[in-house]
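As structure tokens, the structure follows; a few thoughts come after it.
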Amino acid sequence: MGVRVPVVQALRHDSPRVHCTRHDFAPSSPPAKSRAESPEKTSFEQLDKYRPRTLEELDYHQGLTDRIRALARTADFPHCLFYGPSGAGKKTRIAATLTELFGPGAQKLRIDQKVFVTPSRRRLDVQVVQSNYHLELTPSDVGQWDRSVVQDVLKEVGQSAQLDSSATQRFKVVVIHGADELTNDAQAALRRTMERHTSTMRLILCANSTAKIIGPIRSRCLLLRVGAPNPDQIAQVLNNVSNKASFSTSLPDETAMAIALSSNGNLRRALLTLDAVRAQDATFSKVSRTSPESIPRPDWEVYIDKLAGVIAKEQSPDKLLEARAMLYELLVHLIPPSVVMTHLAKGLLTRVDDALRPEIIHWAAWYEHRLRLGNKPIFHLEAFVAKVMSLYKNYSIGLHDFI
């Protein structure tokens, strides 16, 4: 069925972190040839096994790596907040930090399903990745009930001692992904727990931005910014991966740079694109910097561009219903609502006159905020589409009357 990636794993950044096949958004189209039919094609899962596991294996941001190594060797490791754009390497550096703190045992992971019960007796199932030394989870996955998850997990870990008597550190680490997506209540609970269990627990927070994280948490954490790699660094990583994967045809430098430039600083996206390019052309003969259209785009991006075209072409109740169906199609394929909103706004800005652009930006920000506060993403996405259609229609009528 084309180039596929485990969707939940790919979306942990998020950021645009998923690469779906086009027929996912067009069920009537014929299925593509199975990847399994060609042994020459290397899947992303295989590429992912070459992810750096230790600080020594990291390819860029050497100054940050040296700082993390020095912190891990101190007697009092602080709470940390890793932040930066999607695909910059935050999770990889967190995993390498854990290895530096606890040794290879931190890489022996198991996946568990924990059950939490809210004060209203609502049952929450949360996937947790853990070793004997740390625990990773994404509380924001449960929406407005994330406070219950944060409180219960941190209380449980904070009240339990380190089981391994030979461990180099006497505390356990809790890694919270998507920290900037936590509700204010969850962040307040997190701040209280940070102070209560300092002797037995350290927190490592992972976020795309610090703007949505409350000041008391930022002031209690060491802020570590992981900037996006530049195209040369991404191209070097792609070449290293292709060499380790023993591609039958070596990756040309021009192809690596073309993929790096198209990724916009997102290394994860660059690796997914490398996988997609190789699936279509094992010899890498069709990709170059002079032909950007030869770089396959994620199909959810193509689909959102199509949605923007539908909105700009005609503003009517029928088109609003069509747009709603397309929004549902994106959401059921686990494209994050905030990503849909951002890319839809960008697609609309390229299709409207300059006079409408400030209005679209204003209402995109308004509904993105409402999206964060609410529980039904489709309501806010559809409201944004309806608002844009209204603005566009009124502008067109006014322009017609003026002429």
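Residue numbers (this note's numbering): 464 to 866.
Ideal placement from N, C-alpha and C gives every residue a C-beta, glycine not left out.
### Task
Reducing DSSP to helix, strand and coil, say where T484 ends up.
Taking the sequence shown and counting its residues from 1, one reaches residue 484 at position 21. Summary for T484: the model assigns pLDDT 39, below 50, so the residue's position carries little reliability, and this model does not support an answer.
### Query
For the region 815–827 against the region 780–790, are there 3 or more C-beta pairs whose distance is under 8 Å?
no
### Message
Can you tell me whether E599 is helix, strand or coil according to DSSP?
### Response
Numbered from 1 along the sequence shown, position 136 holds the residue referred to as residue 599. Note: E599 maps to strand in three-state DSSP.
### Query
When burial is assigned at 16 or more other CB atoms within 10 Å of the CB, is S497 buried or exposed?
Position 34 of the sequence shown holds residue 497. Caution is warranted here: a pLDDT of 35 is assigned to S497, below 50, making its placement in the model unreliable, and no coordinate value can be reported.
#### Entry: Minimum length 4: unbroken alpha helix (DSSP H) runs contained in the region 566–592
none
### Spatially closest choice to L685 from T805, L544 and Y858, by CA coordinates
Here residue 685 refers to the residue found at position 222 of the sequence shown. The residue with the shortest Cα to Cα distance from L685 is L544.
### Message
Within a Cβ cutoff of 6 Å, which residues of the same chain sit near H660, ignoring the five residues on either side of it in sequence?
### Response
By one-based count along the sequence shown, residue 660 stands at place 197. G621, listed in sequence order.
### Message
Between which two residues does the alpha helix (DSSP H) holding A670 run?
### Response
For the purposes of this step, residue 670 is taken as residue 207 along the sequence shown, with counting starting at 1. For A670, there is no enclosing alpha helix (DSSP H); the residue is part of the beta strand (DSSP E) that begins and ends at M664 to A670.
### Message
What does the alpha-carbon distance come out to for the pair W608 and Q590?
### Response
Translated into the one-based positions of the sequence shown, residue 608 becomes position 145. Translated into the one-based positions of the sequence shown, residue 590 becomes position 127. About 15 Å.
### Task
Give the straight-line distance between the Cα atoms of R530 and K675, rounded to the nearest whole angstrom.
Walking along the sequence shown from the start, residue 530 turns up at place 67. Walking along the sequence shown from the start, residue 675 turns up at place 212. Looking at the two C-alpha atoms, the distance is approximately 25 Å.
### Residue from V689, R655, L666 and D539 with nearest C-alpha to P679
Here the question's residue 679 lines up with position 216 in the sequence shown. The shortest C-alpha separation from P679 is found at R655.
### Query
What does Y546 pair with, by DSSP beta-bridge criteria?
If you number the sequence shown from 1, residue 546 lands on position 83. For Y546, which the question treats as bridged, DSSP gives the partners A670 and R688.
#### Entry: Secondary structure, alpha helix (DSSP H): runs of 4+ residues fully inside the region 774–852
The region 774–852 is shown to contain whole alpha helix (DSSP H) runs of 4 or more residues at 780–795, 800–812 and 820–836, in chain order.
### Message
Just to confirm the assignment, what range does the beta strand (DSSP E) spanning K618 have?
### Response
Translated into positions along the sequence shown, residue 618 becomes position 155. Per DSSP, K618 belongs to no beta strand (DSSP E); it is in the alpha helix (DSSP H), D609 to G621.
### Message
Pop quiz: Y513 and K707 are said to be a contact at Cβ under 8 Å. What is the actual Cβ separation, rounded to whole angstroms?
### Response
Along the sequence shown, read from residue 1 onward, the residue named residue 513 stands at position 50. Along the sequence shown, read from residue 1 onward, the residue named residue 707 stands at position 244. Confirmed, Cβ separation roughly 5 Å.
### Message
Between which residues of its own chain and W829 is the CB-CB distance below 7 Å, once the five residues before and five after are set aside?
### Response
Locating residue 829 in the sequence shown gives position 366, counting from the first residue. Around W829: no qualifying Cβ.
### Task
Measure from the alpha carbon of V578 to the alpha carbon of each residue in F747, L812 and R586, then state which is nearest.
As a working note, residue 578 is residue 115 in the sequence shown. Checking every option, the nearest Cα to that of V578 belongs to R586.
### Task
Could you spell out the range, first to last residue, of the beta strand (DSSP E) harbouring K635?
As a working mapping, residue 635 is identified with position 172 in the sequence shown. K635 to H640 is the extent of the beta strand (DSSP E) around K635.
### Message
If you reduce the DSSP assignment to three classes, tell me which class L737 lands in.
### Response
Residue numbering aside, residue 737 sits at position 274 when the sequence shown is read from its first letter. Looking at L737 - three-state DSSP - the assignment turns out to be helix.
### Message
Given this structure, state the Cα-to-Cα distance separating R536 from L564, to the nearest angstrom.
### Response
Stepping through the sequence shown from its first residue, residue 536 is reached at position 73. Stepping through the sequence shown from its first residue, residue 564 is reached at position 101. Distance between the alpha carbons of R536 and L564: 7 Å.
#### Entry: Secondary structure of A871, DSSP reduced to three states
Look at the range of the chain in this structure, 464 to 866, and you will see that residue 871 is not part of it.
### Sequence-distant residues of the same chain with beta carbon closer than 8 Å to D615, five excluded per side
Residue mapping note: residue 615 aligns to position 152 of the sequence shown, counting from 1. Within the same chain, and ignoring the five residues on either side of D615 in sequence, the residues whose Cβ sits closer than 8 Å to its Cβ are F579.
### Query
Sorted by chain position, which residues of the same chain lie with C-beta nearer than 6 Å to L794's C-beta, five sequence neighbours on each side aside?
Locating residue 794 in the sequence shown gives position 331, where the first residue counts as 1. Excluding positions up to five away in sequence, the list is empty.
### Task
Look at the alpha carbon of D768 and the alpha carbon of G810, and state the distance between them as a whole number of angstroms.
For the purposes of this step, residue 768 is taken as residue 305 along the sequence shown, with counting starting at 1. For the purposes of this step, residue 810 is taken as residue 347 along the sequence shown, with counting starting at 1. The straight-line gap from Cα to Cα measures roughly 6 Å.
### Query
So which of L653, Y596, I574 and S594 has the shortest CA-CA distance to V612?
For this step, residue 612 is matched to residue 149 along the sequence shown. The closest CA to that of V612, considering only L653, Y596, I574 and S594, is found on L653.
#### Entry: Continuous alpha helix (DSSP H) stretch holding P679: start and end
Within the sequence shown, residue 679 is the residue found at index 216, counting from 1. Looking at the DSSP string, the run of the alpha helix (DSSP H) that includes P679 is G678 to R683.
### Query
According to the Cβ coordinates, are A698 and M720 closer than 8 Å?
Mapped onto the sequence shown, residue 698 falls at position 235. Mapped onto the sequence shown, residue 720 falls at position 257. Yes, the Cβ-Cβ distance between A698 and M720 is below 8 Å.
### Query
Short check: CB of Y546 to CB of T673, under 8 Å?
Your numbering for residue 546 matches position 83 in the sequence shown. Your numbering for residue 673 matches position 210 in the sequence shown. It is a contact, given that the beta carbons lie within the stated cut-off.
### Query
Taking G690 as the reference, which of S594, E644, T555 and A551 has the closest Cα?
In the sequence shown, the residue the question calls residue 690 occupies position 227. The residue with the shortest Cα to Cα distance from G690 is A551.
### Chain-order list of residues whose beta-carbon lies under 7 Å from that of R688 (same chain, five-residue window excluded)
Indexing the sequence shown from 1 puts residue 688 at position 225. Excluding residues within five positions, the ones whose Cβ falls inside 7 Å are Y546 and G547.
### Query
Looking only at its own chain, which residues have a Cβ that is under 6 Å from the Cβ of D575, when we skip the five neighbours before and after it?
Within the sequence shown, the letter at position 112 stands for residue 575. The residues are V591.
### Query
Any idea what DSSP makes of G552, helix, strand or coil?
Translated into the one-based positions of the sequence shown, residue 552 becomes position 89. Note: G552 maps to coil in three-state DSSP.
### Task
For the alpha helix (DSSP H) containing E658, list its first residue and its last residue.
Residue mapping note: residue 658 aligns to position 195 of the sequence shown, counting from 1. N647 to R659 is the span of the alpha helix (DSSP H), which, as asked, contains E658.
### Task
Identify whether K504 lies in helix, strand or coil by the three-state DSSP scheme.
As a position in the sequence shown, residue 504 is number 41, starting the count at 1. Any reading at K504 is ruled out, since the residue's pLDDT is 40, under 50, leaving its predicted position unreliable.
### Query
Are the beta-carbon atoms belonging to K850 and W826 less than 8 Å from one another?
Walking along the sequence shown from the start, residue 850 turns up at place 387. Walking along the sequence shown from the start, residue 826 turns up at place 363. Yes, they are a contact pair.
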